[in-house]
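Enquirer: Pasting a structure below so you can have a look.
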Amino acid sequence: MADSVTVLRQAGPAGLKRNLVVIGDGFTAADQAAYNTYVDNTLLRDVFGRDYYAENAAAFNIYRINLESVDSGVSTHTLSQDPADPSKTVESNVVTRNTALGMWFSGQWNYCWMDYGLTAKQQADVEKRIQAALTTWVPDVDNLLVVLNTAGFGGCGGGGRAHVTLGVGWDVIAHEFGHGIGGFDDEYSDASRPTYPAANGEPGTVNVTINTNRSTTKWRRFIDPTTPLPTGVGAAANYNQGARPAGWDSSQDVGLFEGGQTYERGIYRPVENCRMNGNSPPYCPVCYTSLKEGAHDQTGYHFTRAFAGNFLGSGRSDVLLHHGTNVQLFRRGADGFTHASTAVGIVPGSWQFAPHDEIYVGDVNGDGVDEIVVFNGLDWVMPYLGVLAHDGSGGLRLIARHDGDVPGWGGLAKHDRFLVSDFSGDGRADLYVVNTDDWSMPYVGMLRSNGAAYSCIRRFDGDIPGWGGLARHDTFFVGDLTGDGRGDLAIFNGDDWSMAYVGLFRSTGTSLSMTQRYDGDIPGWGGLARHDQLILGDFTGDGKCDVAIFNGDDWSMSYLGLFRSTGSRLDLVRRFDGDVPGWGGMRQHDTFFAAQLGPDTKCDLWAWNHQDWSEEYLGKFTSTGSGFSVSFVGDWVGEWNLGPNDAFEVAAARSPHRTSELYVHNKDWFGVISGRSGITLDRLYYRWIHDYRHGRNW
270 MADSVTVLRQ AGPAGLKRNL VVIGDGFTAA DQAAYNTYVD NTLLRDVFGR
320 DYYAENAAAF NIYRINLESV DSGVSTHTLS QDPADPSKTV ESNVVTRNTA
370 LGMWFSGQWN YCWMDYGLTA KQQADVEKRI QAALTTWVPD VDNLLVVLNT
420 AGFGGCGGGG RAHVTLGVGW DVIAHEFGHG IGGFDDEYSD ASRPTYPAAN
470 GEPGTVNVTI NTNRSTTKWR RFIDPTTPLP TGVGAAANYN QGARPAGWDS
520 SQDVGLFEGG QTYERGIYRP VENCRMNGNS PPYCPVCYTS LKEGAHDQTG
570 YHFTRAFAGN FLGSGRSDVL LHHGTNVQLF RRGADGFTHA STAVGIVPGS
620 WQFAPHDEIY VGDVNGDGVD EIVVFNGLDW VMPYLGVLAH DGSGGLRLIA
670 RHDGDVPGWG GLAKHDRFLV SDFSGDGRAD LYVVNTDDWS MPYVGMLRSN
720 GAAYSCIRRF DGDIPGWGGL ARHDTFFVGD LTGDGRGDLA IFNGDDWSMA
770 YVGLFRSTGT SLSMTQRYDG DIPGWGGLAR HDQLILGDFT GDGKCDVAIF
820 NGDDWSMSYL GLFRSTGSRL DLVRRFDGDV PGWGGMRQHD TFFAAQLGPD
870 TKCDLWAWNH QDWSEEYLGK FTSTGSGFSV SFVGDWVGEW NLGPNDAFEV
920 AAARSPHRTS ELYVHNKDWF GVISGRSGIT LDRLYYRWIH DYRHGRNW
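Residue numbers for the sequence shown follow our numbering, beginning at 270 and rising by one.
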């Protein structure tokens with residue numbers, strides 16, 4: 270076969286992503302399949318399927334270069350010190366092979382297992398061959414992995430490169446990447462190197478130190494104040510300065526442990542057993558954070574687009590982060606979040622993420638776990654609607670895709686918008702689809718889920734009987750207004766007619782019938798107006814979805830009305846003129862999010878205003894059934910500084926957790942706000958989601 274290159278992962282353009290290139294040496298034409306299998310299984314599946322590399326897969330474009338060698342296997346030799354001159358190395362047991370790169374394998378730890386040859390000419394020749402292959406196939410390489418065709422054990426890394434043999438597994442590659450990508454020192458010790466020379470001074474690498482001063486040692490932010498320093502004293506020591514605390518984690522709890530950089534004493538490592546010591550444990554907080562900081566810009570990760578849902582079946586709200594061409598999924602637990610998966614580019618089943626993906630959340634197949642509905646009407650030659658489900662291993666897979674149309678709808682279009690609601694009452698998340706922009710008349714469709722795909726069971730062209738004509742500025746809301754287990758539809762229009770209208774439409778499971786239309790007013794409201802904002806939720810706790818209306822624009826003061834649904838009409842429960850007691854005065858830009866904040870079944874409200882006062886306010890309006898009990902915080906929620914760029918996602922938890930949290934996020938920060946007792950900050954993350962055992966990354 271001819272030499273070639275294969276793109277194994279395309280995360281983004283060169284220059285924005287880190288280009289990782291794999292080259293094999295000693296593989297004949299007949300050996301190429303074994304080389305390819307090793308790269309697929311050991312690098313892509315195993316290294317990039319674990320911890321840091323799985324989480325940050327979006328930072329790496331990965332290329333495999335196939336070079337055909339004349340001989341199978343690589344040249345070997347045994348190396349030793351020259352007895353006459355210990356500064357020189359001599360070789361014996363030399364066996365040469367004609368290979369594409371000309372590398373050598375010694376199988377000796379003290380000589381880094383493998384080398385480019387002993388003479389300057391040999392070394393220059395290997396380097397020349399490597400550079401020729403890179404220049405031909407991937408000239409803008411950032412990191413290099415060289416795989417040698419030998420069953421012997423060995424790995425060596427540094428300077429942006431890692432070298433391994435077919436005889437090692439993923440853990441050795443991950444360790445060598447710590448050298449080659451992270452620039453880390455080894456953290457293990459060798460008896461032949463008893464004491465670090467003090468004359469060498471403080472090492473320049475991030476993961477070893479000679480400084481034992483608590484206030485100045487380089488990884489002090491990760492050390493619990495109660496941890497003794499040094500923490501382990503003696504040759505290659507583990508925790509031996511007092512009793513080891515209960516729950517201590519040998520790879521994640523940080524202190525100062527003697528032994529590192531292959532020396533037994535006089536130098537300290539951060540943890541007992543990081544990947545830079547024992548290969549298979551994950552990177553310690555010091556190494557992990559350094560890697561994250563070095564590659565964060567290349568990942569393209571941010572918190573701008575975050576979505577809450579019970580994606581992994583725990584009953585809590587996990588979080589999905591959409592970064593344009595990739596997504597990350599984090600599992601919510603009792604003590605924070607853990608990374609579940611990162612999907613770069615294409616999800617199995619063939620869904621490719623794109624910047625204009627619109628994401629909706631609902632239990633599409635009725636299994637009690639939320640799926641992800643994705644619509645894109647801008648980035649491709651035709652609009653697409655897809656459904657992504659949990660694959661059982663923390664990742665996502667495509668279970669349905671509609672290309673250009675959903676049967677019966679008549680053609681997906683650029684401005685289609687979707688509302689998730691079980692209008693058929695079978696426990697599956699159906700979709701109302703509306704479009705008031707792309708055609709000669711507005712349309713409303715009912716897309717029913719069969720658990721595996723969608724079909725349009727009813728389409729309303731230009732009008733829903735009784736409404737009087739769908740119009741461009743109709744706004745749509747869903748909720749079970751009748752209490753029969755089906756998702757109904759409410760429509761508001763304050764712009765297109767001589768007066769404002771509200772319509773209530775009951776779902777029969779296959780169609781909609783109007784139960785009530787309010788022309789200009791709902792009795793007790795005082796006049797529907799252009800900027801009325803509807804919020805739907807079961808505020809009275811009777812199993813029917815009620816309606817709250819807020820208006821902060823059209824009158825001399827702001828109003829909030831609470832209307833009980835009887836199943837066929839709305840009855841005023843209470844109207845708040847200018848203020849809800851405890852809020853301190855409603856204003857124009859108050860914004861409300863329906864949520865369940867208490868242990869009962871009534872729907873409550875989060876309230877948010879960042880424009881009308883000297884500081885921002887976040888409040889919770891707990892429903893009493895006939896009004897609201899209100900509390901609020903201003904400017905800060907714990908360490909979260911409320912600001913104009915904040916966005917919020919209601920994170921609804923299922924039994925037994927029940928009450929909702931509020932996920933707050935902007936480009937660089939993500940927080941979890943709890944309303945269970947007061948308004949408090951439960952979690953705070955900067956730039957990436959990761960729960961450190963102690964300390965954090967800022």
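Backbone N, C-alpha and C fix where the C-beta goes; we use that ideal spot for every residue, glycine too.
Return the chain-ordered list of same chain residues with a C-beta closer than 8 Å to the C-beta of G449, the five sequence neighbours on each side being excluded.
Expert: Within the sequence shown, the letter at position 180 stands for residue 449. Excluding residues within five positions, the ones whose Cβ falls inside 8 Å are N412, L413, L414, G426, G427, G428, G429, R430, A431.
Enquirer: For S892, count neighbouring Cβ atoms within 10 angstroms of its own Cβ and tell me buried if that reaches 16, exposed if not.
Expert: For the purposes of this step, residue 892 is identified with residue 623 of the sequence shown, where counting begins at 1. Around the beta carbon of S892, 16 or more other beta carbons lie within 10 angstroms, which makes this residue buried.
Enquirer: Using only CA atoms, which one of A504, G371, K357 lies nearest to D340?
Expert: Locating residue 340 in the sequence shown gives position 71, counting from the first residue. The option with the nearest alpha carbon to D340 is G371.
Enquirer: Classify T388: buried if its beta carbon has 16 or more other beta carbons within 10 angstroms, exposed otherwise.
Expert: Numbered from its first residue, the sequence shown carries residue 388 at position 119. By the 10 Å Cβ count, T388 comes out exposed.
Enquirer: Go through the region 847-921 residue by residue and report every complete run of the beta strand (DSSP E) that reaches 3 residues or more, in order.
Expert: 860-864, 873-878, 886-892, 897-903, 916-920
Enquirer: Tell me the rounded alpha-carbon separation between W852 and A658.
Expert: Against the sequence shown, residue 852 aligns to sequence position 583. Against the sequence shown, residue 658 aligns to sequence position 389. Approximately 41 Å between the Cα atoms of the pair.
Enquirer: So is Q400 buried or exposed if we call it buried at 16+ other beta carbons inside 10 Å?
Expert: On the sequence shown, position 131 is the one that residue 400 refers to. Only exposed fits Q400, as fewer than 16 other CB atoms lie within 10 angstroms of its CB.
Enquirer: Please work out which residues of its chain come closer than 7 Å, Cβ to Cβ, to D394, disregarding the five sequence neighbours upstream and downstream, and give them in chain order.
Expert: Working through the sequence shown from its first residue, we reach residue 394 at position 125. So the list reads G371, once near-sequence residues are dropped.
Enquirer: Residue range of the alpha helix (DSSP H) that G449 falls in?
Expert: Taking the first residue of the sequence shown as position 1, residue 449 is located at position 180. 439-449 is the span of the alpha helix (DSSP H), which, as asked, contains G449.
Enquirer: List the DSSP bridge partners of W620.
Expert: By 1-based counting over the sequence shown, the position of residue 620 is 351. W620 pairs with V616.
Enquirer: What separation, rounded to the nearest whole angstrom, lies between the Cα atoms of G677 and F622?
Expert: Start at 1 with the first residue of the sequence shown, and residue 677 comes out as number 408. Start at 1 with the first residue of the sequence shown, and residue 622 comes out as number 353. Distance between the alpha carbons of G677 and F622: 26 Å.
Enquirer: Helix, strand or coil, according to DSSP, for E640 in the structure here?
Expert: Taking the first residue of the sequence shown as 1, we reach residue 640 at position 371. Correct three-state label for E640: strand.
Enquirer: Looking at the structure shown, is I399 part of a helix, part of a strand, or coil, going by DSSP?
Expert: Taking the first residue of the sequence shown as 1, we reach residue 399 at position 130. Residue state, collapsed to three classes: helix.
Enquirer: Report the CB separation of P466 from R534 in whole angstroms; it is logged as a contact under 8 Å.
Expert: Position 197 of the sequence shown, counted from the first residue, corresponds to residue 466. Position 265 of the sequence shown, counted from the first residue, corresponds to residue 534. Contact between P466 and R534 does not hold, since the beta-carbon distance rounds to 11 Å and is not under 8 Å.
Enquirer: Identify the continuous beta strand (DSSP E) that holds H346 and give its terminal residues.
Expert: For the purposes of this step, residue 346 is taken as residue 77 along the sequence shown, with counting starting at 1. 344-351 is the span of the beta strand (DSSP E), which, as asked, contains H346.
Enquirer: Which two residues bound the contiguous beta strand (DSSP E) that contains M710?
Expert: Taking the first residue of the sequence shown as position 1, residue 710 is located at position 441. Element bounds for M710: n/a, residue is neither H nor E.
Enquirer: If you draw a straight line from the C-alpha of H926 to the C-alpha of G940, how long is it?
Expert: For the purposes of this step, residue 926 is identified with residue 657 of the sequence shown, where counting begins at 1. For the purposes of this step, residue 940 is identified with residue 671 of the sequence shown, where counting begins at 1. Because the pLDDT at H926 is just 48, under 50, the model does not fix this residue reliably, and the point stays unresolved.
Enquirer: Cutting at 6 Å between CB atoms, please list the residues of its own chain near W882, excluding the five before and the five after it.
Expert: Reading the sequence shown from its first residue, position 613 is the one you call residue 882. There are no such residues.
Enquirer: Roughly how many angstroms separate the alpha carbons of P550 and S776, rounded to a whole number?
Expert: Position 281 of the sequence shown, counted from the start, is the residue given in the question as residue 550. Position 507 of the sequence shown, counted from the start, is the residue given in the question as residue 776. Going from the Cα of P550 to the Cα of S776 covers about 55 Å.
Enquirer: Under 8 Å between the Cβ atoms of L435 and Y332?
Expert: Along the sequence shown, one-based indexing puts residue 435 at 166. Along the sequence shown, one-based indexing puts residue 332 at 63. The answer is no: Cβ separation not under 8 Å.
Enquirer: Assign L312 to one of three DSSP states: helix, strand, or coil.
Expert: Within the sequence shown, numbered from 1, the residue matching residue 312 stands at position 43. Of the three classes helix, strand and coil, the one that applies to L312 here is helix, per DSSP.
Enquirer: If you run the structure through DSSP and keep just helix, strand and coil, what is V339?
Expert: Position 70 of the sequence shown, counted from the first residue, corresponds to residue 339. V339: coil per DSSP, three-state reduction.
Enquirer: Using the C-alpha atoms, what's the distance from R398 back to A299?
Expert: The residue given as residue 299 occupies position 30 in the sequence shown. The residue given as residue 398 occupies position 129 in the sequence shown. Computed Cα separation, rounded: 21 Å.
Enquirer: What residues match up with S834 in a beta bridge as DSSP calls it?
Expert: For the purposes of this step, residue 834 is taken as the residue at position 565 of the sequence shown. DSSP output for S834 lists L839 as bridge partner(s).
Enquirer: Going along the chain, which residues of its own chain have a beta-carbon closer than 8 Å to the beta-carbon of L336, five neighbours each way excluded?
Expert: Locating residue 336 in the sequence shown gives position 67, counting from the first residue. Closer than 8 Å at the Cβ level, and outside the excluded window around L336, lie D272, I292, G293, D294, F296, A369, L370, A402.
Enquirer: Counting only the same chain and skipping the five closest in sequence on each side, list residues whose C-beta sits under 8 Å from that of N878.
Expert: As a first step, residue 878 must be located in the sequence shown, where it is residue number 609. Close CB contacts of N878 within its chain, under the 8 Å cut and outside five residues either way in sequence, are with R856, H858, D859, T860, E885, Y886 (chain order).
Enquirer: V290 to V407, Cα distance in whole Å?
Expert: Within the sequence shown, the letter at position 21 stands for residue 290. Within the sequence shown, the letter at position 138 stands for residue 407. Their backbone Cα atoms lie some 8 Å apart in a straight line.
Enquirer: How long is the line joining the alpha carbons of D960 and F491, rounded to whole angstroms?
Expert: Along the sequence shown, read from residue 1 onward, the residue named residue 960 stands at position 691. Along the sequence shown, read from residue 1 onward, the residue named residue 491 stands at position 222. So the alpha carbons of these two residues sit roughly 12 Å apart.
Enquirer: Grouping DSSP H, G and I as helix and E and B as strand, with all else coil, what is N546?
Expert: The residue given as residue 546 occupies position 277 in the sequence shown. N546: helix per DSSP, three-state reduction.
Enquirer: Pick out the complete beta strand (DSSP E) segments inside the region 530-608, 3 residues or longer, and give them in chain order.
Expert: 532-538, 575-578, 587-591, 595-602
Enquirer: My guess is that Y969 and T500 are in contact by the Cβ rule of under 8 Å, so how many angstroms apart are they, rounded?
Expert: Limits of the chain in this structure are 270 at one end and 967 at the other, which puts residue 969 out of reach.
Enquirer: Taking only three categories from DSSP, how would you classify A740?
Expert: Stepping through the sequence shown from its first residue, residue 740 is reached at position 471. Coil at A740, not helix or strand.
Enquirer: What ranges does the alpha helix (DSSP H) occupy inside the region 745-832, keeping only unbroken runs of at least 4 residues that lie completely in it?
Expert: none
Enquirer: Fully enclosed by the region 625-705, which beta strand (DSSP E) runs are 3 residues long or longer?
Expert: Listed in chain order, they are 627-631, 640-645, 653-659, 665-672, 686-690, 699-704.
Enquirer: Measuring CA to CA, which of S724, L700, S709 is closest to D674?
Expert: As a first step, residue 674 is located in the sequence shown; it is residue number 405 there, counting from the start. That would be S724, whose Cα lies nearest to the Cα of D674.
Enquirer: Note down the Cα distance separating D811 from R833, rounded to an integer number of angstroms.
Expert: Indexing the sequence shown from 1 puts residue 811 at position 542. Indexing the sequence shown from 1 puts residue 833 at position 564. Cα to Cα, the separation comes out at about 9 Å.
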